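Asks: Using the UniProt record's numbering, read the sequence shown as starting at 1 and increasing by one per residue. Note that beta-carbon positions come from the ideal geometry of N, C-alpha and C, so glycine has one too. What you are looking at is a predicted structure, and each value in this text was computed from that prediction instead of being measured. This is the structure, below, for whatever I ask next.
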Amino acid sequence: MYETHINLTYFSGNQLWQIEDYIYHRSSFSHPGYHLLKFIGTDPNSIKKPNMKQPSPEDRLENLGHLLSRGQEIFALKQESLKMKKCFLVETTNEGILRGILSLFSLTKTEPSVYRILYCTQRTNWVQ
């Protein structure tokens, strides 16, 4: 499921259910689910509230993956910086990771977003 719904990989189990809770209840801007959606660049208002919550955790996760993918597509269409189809690479020390990431965003004049970063170490395998 994570192969088809990449946005699910950004969150832990509890965070996924917080997002789901926000989508179904839309309680307030202070809800953790609202801020988690903003974290991945998804406009929380662009996600339509589903009719009913699925009974099984697997179905709920699948449904959440679909909702997040649709919200991300809408957000991506609004961004003009996606026209730049380049991949930048930085090799750095552990201490310089944050500086390297922020420098790339500064260089490309784009706002830092989690879905635009691929971070690897010497121990990173192909699944990660």
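Does the Cβ of T4 have 16 or more other Cβ atoms within 10 Å, making it buried, or fewer, making it exposed?
Replies: Exposed: under 16 other Cβ atoms inside 10 Å.
Asks: Determine, using beta carbons only, whether I47 and N7 come nearer to each other than 8 Å.
Replies: Their beta carbons are not under 8 Å apart, which means I47 does not touch N7 by this criterion.
Asks: Using three-state DSSP, classify Q15 as helix, strand or coil.
Replies: It is helical.
Asks: Which residue from T108, S113, E20 and L107 puts its Cα closest to that of P50?
Replies: It is E20.
Asks: Ordered along the chain, which non-local residues of its own chain (more than five positions away) have a Cβ less than 7 Å from that of Q15?
Replies: Around Q15: L36.
Asks: Comparing C-alpha positions only, which one of L64, K86 and F105 sits nearest to Y10?
Replies: Among L64, K86 and F105, the Cα nearest to that of Y10 is on L64.
Asks: Tell me the rounded alpha-carbon separation between residue 142 and L104.
Replies: The requested residue 142 is not part of the displayed model; the chain covers only 1 to 128.
Asks: DSSP three-state label for residue 135, please.
Replies: An answer regarding residue 135 cannot be provided, because it is not within the stretch 1 to 128 covered by the chain.
Asks: Quick one: grab the DSSP three-state call for E95.
Replies: E95: helix per DSSP, three-state reduction.
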